[in-house]
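Enquirer: Supplied in structure tokens, the structure appears directly below.
Protein chains: 2
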Amino acid sequence: MEQVNFINGQTRLYAIIGDPIEQVRSPEMITWELQQRGINGVLCPVHIAEPDFDRVLPELLKIRNMDGLIFTIPYKARALAHAQHIGPQAQVIGAFNAMVRQADGAWAGEMFDGLGCLEAFRRRGFRLNGQRLMLMGLGGAGMAIGAAMAAEHPRLMRVFDLDAARCERMAQTIARISPNTEVQIGKPDTQGMDVLLNATPIGMLGDTRMAIDASSLPAQLIVFDAIVKPELTPLLRLAEASGCRTVKGREMMGGQISRIVDFFIARGPELLS
Amino acid sequence: MEQVNFINGQTRLYAIIGDPIEQVRSPEMITWELQQRGINGVLCPVHIAEPDFDRVLPELLKIRNMDGLIFTIPYKARALAHAQHIGPQAQVIGAFNAMVRQADGAWAGEMFDGLGCLEAFRRRGFRLNGQRLMLMGLGGAGMAIGAAMAAEHPRLMRVFDLDAARCERMAQTIARISPNTEVQIGKPDTQGMDVLLNATPIGMLGDTRMAIDASSLPAQLIVFDAIVKPELTPLLRLAEASGCRTVKGREMMGGQISRIVDFFIARGPELLS
Chain A
1 MEQVNFINGQ TRLYAIIGDP IEQVRSPEMI TWELQQRGIN GVLCPVHIAE PDFDRVLPEL
61 LKIRNMDGLI FTIPYKARAL AHAQHIGPQA QVIGAFNAMV RQADGAWAGE MFDGLGCLEA
121 FRRRGFRLNG QRLMLMGLGG AGMAIGAAMA AEHPRLMRVF DLDAARCERM AQTIARISPN
181 TEVQIGKPDT QGMDVLLNAT PIGMLGDTRM AIDASSLPAQ LIVFDAIVKP ELTPLLRLAE
241 ASGCRTVKGR EMMGGQISRI VDFFIARGPE LLS
Chain B
1001 MEQVNFINGQ TRLYAIIGDP IEQVRSPEMI TWELQQRGIN GVLCPVHIAE PDFDRVLPEL
1061 LKIRNMDGLI FTIPYKARAL AHAQHIGPQA QVIGAFNAMV RQADGAWAGE MFDGLGCLEA
1121 FRRRGFRLNG QRLMLMGLGG AGMAIGAAMA AEHPRLMRVF DLDAARCERM AQTIARISPN
1181 TEVQIGKPDT QGMDVLLNAT PIGMLGDTRM AIDASSLPAQ LIVFDAIVKP ELTPLLRLAE
1241 ASGCRTVKGR EMMGGQISRI VDFFIARGPE LLS
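In order, the protein sequence lines correspond to chains A and B.
Taking the working numbering, the leading residue of the first sequence gets 1, the next gets one more, and so forth.
Taking the working numbering, the leading residue of the second sequence gets 1001, the next gets one more, and so forth.
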């Protein structure tokens, strides 16, 4: 009998939950990573409408061969109520994007948006400890990146967002995670900085604007852009033209996939501490 | 970024629900059939424990990209309560094994165990209308096969099971579906028969017994065995040695897969009438 070779009765299930769901990329990428690591597992797109979320999710968690979940818009904060253990990143952000069933049956959640960025830097061998960072944009991704970076204990973090309340909240979060890191709130600046991080949407898709007002950048600066499309944003083009080393949004995505699959496989709270 | 090509954010979900689930073959076979027909869909194994079934299932049905379900042991009868429309086969059997979300959002269920057998006969060009059938074994599969065959209006159906109550129930079901079919209850007999159907487990796996007490069979008899493993049961070996034409359990399985995917794709009650 003809059959496919990527799913069978022993397959472990993983899912990404969102509304809408059609645009997500995790099914093809996480499933690849799982199968690459020898796991008989697939990650399915699961479309749950907002009014249904809080009733459907607890029942999904009862599926015996469901081992892990990813949450996307609009559920990263609402998912928090459904986990018994909340990781340190998720605690400071107040949201998470991955949840795993532990060996003891309890569910643990953690936020990997920032840890994926950290992983991309680690893979390039760029250290953050003791460095001076400029972070632009404090939406969900920016806050997560700021919290993850703070845990590396940089010397200085300067943060910028048009929303002053977000700046204040990020500054307090950094201070709580890394009391010895100097925190500044203010306009984007590369003067005396080692790393420039863009977490604003400026430069996404057809947007030709530059995320920072500059015609060149110091060559020793490492420039990161969280934007995945286009692969080379106007900021990254300027960075390359200025002789800077760069870390791309795609590398952060790759780092995040890798860390989430680590989390799925570990099935325990090891990664949360 | 590396990725698999068989699942993405637009993938429609199908599931087989059972307890246990590891042994099911639908995920690899139905997914193959779906993708072969150009559907971006996968059928996942979903393990739900008995105490959870009636609470989990209604919530699963709220998943917006979940289009169809298959039920296996022990849920074929319990699933009935969760569908708004029950097909004619399911009505007479009191159970179904497939459910689809119709275009109007309601769920329709039908029993394909017998329809798969019918499809296998149809593919071979073996007609049942006006024929004389001997059916052995009236468990879940046998009852479904009997009900599906009755709808073809054979001239005679003789049924046998060690459980007299099951014989009585099958006879009544046949009479209701096809009032002009002569129904007999009695020991297996091939005398004056055109088709011999085995739905008992005799001859399964290592069982070397013959489902009927005979050393040869009339050459004009068509012999069907619902057993999938081994492919050639002792009964089918005897049939081949006697010059009979045969229909195998695997062909019934293939017929059922095809009919269930038709049902999933139609998304409407057309197949139910």
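Each residue gets a CB set at the ideal place from its N, CA and C atoms; glycine is no exception.
Does the CB of K1229(B) have a neighbour CB from chain A at under 8 Å?
Expert: Not closer than 8 Å to any Cβ of chain A, the Cβ of K1229(B) fails to qualify, so no.
Enquirer: Apply the 10 Å Cβ neighbour rule to P188(A) and answer buried if 16 or more other Cβ atoms are within range, or exposed otherwise.
Expert: A residue is called buried once 16 or more other Cβ atoms fall within 10 Å of its Cβ, and P188(A) is buried on that count.
Enquirer: Would you mind stating whether T1190(B) and L1221(B) have Cβ atoms separated by less than 8 Å?
Expert: Contact annotation: T1190(B) and L1221(B) have beta-carbon atoms nearer than 8 Å.
Enquirer: In chain order, what residues of the same chain lie with their CB nearer than 7 Å to the CB of A147(A), ignoring the 5 residues before and after it?
Expert: Q89, V92, I93, G114, T173 and I177
Enquirer: Give the secondary structure of D1225(B) by DSSP, where H, G and I count as helix, E and B as strand, and everything else as coil.
Expert: strand
Enquirer: Could you check whether D67(A) and I48(A) sit closer than 8 Å to each other, using their CB atoms as the reference points?
Expert: no
Enquirer: So is Q131(A) buried or exposed if we call it buried at 16+ other beta carbons inside 10 Å?
Expert: Flag for Q131(A) reads buried.
Enquirer: Mapping DSSP to helix, strand and coil, what is A1098(B)?
Expert: strand
Enquirer: Here's the rule: buried if 16 or more other CB atoms are within 10 angstroms of the residue's CB, otherwise exposed. What is P1179(B)?
Expert: exposed
Enquirer: Using a Cβ-Cβ cut-off of less than 9 Å, give me the residues of the region 1050-1083 of chain B that come near chain A, in sequence order.
Expert: D1052, R1055, V1056, L1057, P1058, E1059, L1060, K1062, I1063, R1064, N1065 and M1066
Enquirer: For Q3(A) and V1042(B), what's the separation of their Cα atoms in angstroms?
Expert: 12 Å
Enquirer: Tell me the residue span of the beta strand (DSSP E) that contains L232(A).
Expert: No beta strand (DSSP E) holds L232(A); DSSP gives it neither H nor E.
Enquirer: Output yes if chain B places a C-beta closer than 8 Å to the C-beta of T181(A); else output no.
Expert: no
Enquirer: Taking the alpha helix (DSSP H) that D262(A) belongs to, which residues open and close that run?
Expert: G249 to A266 is the span of the alpha helix (DSSP H), which, as asked, contains D262(A).
Enquirer: Tell me whether T1275(B) is buried or exposed, calling it buried when 16 or more other Cβ atoms sit within 10 Å of its Cβ.
Expert: Only positions 1001 to 1273 of chain B appear in this structure, which leaves residue 1275(B) out of reach.
Enquirer: List the whole-angstrom C-beta distance separating I1105(B) from I1086(B), where the pair is believed to meet the contact cut-off of C-beta under 8 Å.
Expert: Per the sequence presented here, residue 1105(B) reads as Gly, with Ile not at that position. Between I1086(B) and G1105(B) the Cβ distance is about 17 Å, and since that is not below 8 Å, they are no contact.
Enquirer: Which residues does DSSP pair with T1246(B) in a beta bridge?
Expert: V1223(B)
Enquirer: On the criterion of 16 or more Cβ atoms from any shown chain inside 10 Å, does S273(A) qualify as buried, or is it exposed?
Expert: For S273(A), the predicted model reports a pLDDT of 49, less than 50, meaning its position is unreliable; a value from the coordinates is still stated below. Exposed: under 16 other Cβ atoms inside 10 Å.
Enquirer: Excluding sequence positions up to five away, which residues of its chain have a Cβ less than 6 Å from the Cβ of L57(A)?
Expert: H82
Enquirer: Which complete alpha helix (DSSP H) runs does the region 1073-1157 of chain B hold, if anything under 4 residues is left out?
Expert: 1088-1093, 1113-1124 and 1140-1150
Enquirer: Taking C-beta pairs closer than 9 Å, name the residues in chain B that T31(A) reaches, listed in chain order.
Expert: Q1003, V1004, F1006 and I1007
Enquirer: Can you give the Cα-Cα distance for L133(A) and E50(A), rounded to whole angstroms?
Expert: 37 Å
Enquirer: Which whole-angstrom value describes the C-beta separation of G1137(B) and T1200(B), a residue pair presumed to lie in contact below a C-beta threshold of 8 Å?
Expert: 3 Å
Enquirer: So who's on the other strand from M1066(B), going by DSSP bridges?
Expert: L1013(B)
Enquirer: Can you check whether the C-beta of H1047(B) is within less than 8 Å of a C-beta belonging to chain A?
Expert: yes
Enquirer: What residue range is occupied by the uninterrupted alpha helix (DSSP H) comprising Q1003(B)?
Expert: First-last for Q1003(B): undefined, no H or E at that position.
Enquirer: P1045(B): buried (16+ other C-beta within 10 angstroms of its C-beta) or exposed?
Expert: buried
Enquirer: For the beta strand (DSSP E) that contains E942(B), what are its first and last residues?
Expert: The requested residue 942(B) is not part of the displayed model; chain B covers only 1001 to 1273.
Enquirer: Taking 8 Å as the limit between beta carbons, can you name the residues of its chain near I1007(B), skipping five residues before and five after?
Expert: V1042
Enquirer: Whose C-alpha, out of L135(A), A164(A) and W107(A), is nearest the C-alpha of L156(A)?
Expert: Considering only alpha carbons, the answer is L135(A).
Enquirer: Can you list, in chain order, the residues of its chain whose CB lies under 7 Å from that of T1208(B), leaving out five sequence neighbours each side?
Expert: P1234
Enquirer: Take V1223(B) and list the residues in its own chain whose beta-carbon comes closer than 7 Å to its own, dropping the five residues that flank it on each side.
Expert: Excluding residues within five positions, the ones whose Cβ falls inside 7 Å are L1196, L1217, L1235, L1236, A1239, C1244 and T1246.
Enquirer: Spell out the partners DSSP gives L61(A) in its beta bridges.
Expert: According to DSSP, which records beta bridges pairwise, L61(A) is partnered with nothing at all.
Enquirer: Suppose contacts are defined by Cβ-Cβ distances below 8 Å. Is A98(A) in contact with F263(A) by that definition?
Expert: yes
Enquirer: Mind pulling the chain B residues with CB within less than 8 Å of L13(A)?
Expert: At a beta-carbon threshold of 8 Å, the residues of chain B lying near L13(A) are C1044, P1045 and V1046, ordered along the chain.
Enquirer: List the endpoints of the continuous alpha helix (DSSP H) containing T34(A).
Expert: The sequence given here places Leu at residue 34(A); Thr does not occur at that position. Counting along the chain, the alpha helix (DSSP H) containing L34(A) begins and ends at S26 to Q36.
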